[in-house]
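Trainee: Take this structure first; my questions come after.
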Amino acid sequence: MGHRRAAARRGQRGLGANGSRQGVADQSLRQVVRVSTGGSTVRIRLSNAYGTTPLRITAATVGRPADGAQVWPGTSRKLTTDGSRGVAIAPSPASRTSSPSASPPTTDHRT
C-alpha cells in the first residue's frame, strides 16, 4: 500500500513556508514547543482535524531543544500510544493522546 499525501492546508498569515499548502508525505517533522508547567511525565495530543485521509505517525519523540533543530544528547524520549510506537488517526475533530512518557531532564544544558 502506497503512502498518501496529507491534505494541503493554508498557512497562517505572517508565517513563512511550512508545508501546509502542499502537504507532506514520507517526511520527518520537528516542532519546538515551550512547556510552561513541570512534571515527571509528558503526554502529547495529536489530531487530524483538518485531514481528509488517515494521518499515519510511525514514531514520535520528545527532548530538550538545543540550538536550531538539535536535541540535547541524552534527553530524547520515545512516545507511544496504547503501547505502540505508531498510530493512525482518522480525519475527525477527535484526537489521540500519547501514553505518559518520562519527561526529558530539566537540567540547563546550555551552561
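Every letter in the sequence shown is one number past the one before it in the numbering used here, and letter 2, counting from 1, is 2.
Glycine included, C-beta positions come from ideal geometry on N, C-alpha and C.
This one's a predicted model, so the numbers in the text were calculated from it and none came from an experiment.
Counting C-beta neighbours from all protein chains within 10 Å, is the total for ARG64 16 or more, i.e. buried, or is it exposed?
Mentor: Classification of ARG64: buried, given that the 10 Å Cβ count is 16 or more.
Trainee: Taking the alpha-carbon of THR97 as reference, which of PRO104, LEU79 and ARG30 has the nearest alpha-carbon?
Mentor: Considering only alpha carbons, the answer is LEU79.
Trainee: Quick check on DSSP: helix, strand or coil for VAL87?
Mentor: VAL87: strand per DSSP, three-state reduction.
Trainee: Taking the DSSP output, what are the residues bridged to LEU29?
Mentor: BP columns for LEU29 are empty, so no partner.
Trainee: Are there any heavy atoms of the ligand FMN lying less than 8 Å away from the beta-carbon of ARG30, as far as the coordinates show?
Mentor: Judged by which ligands are present, the structure shown has none, so any question about the ligand FMN falls away.
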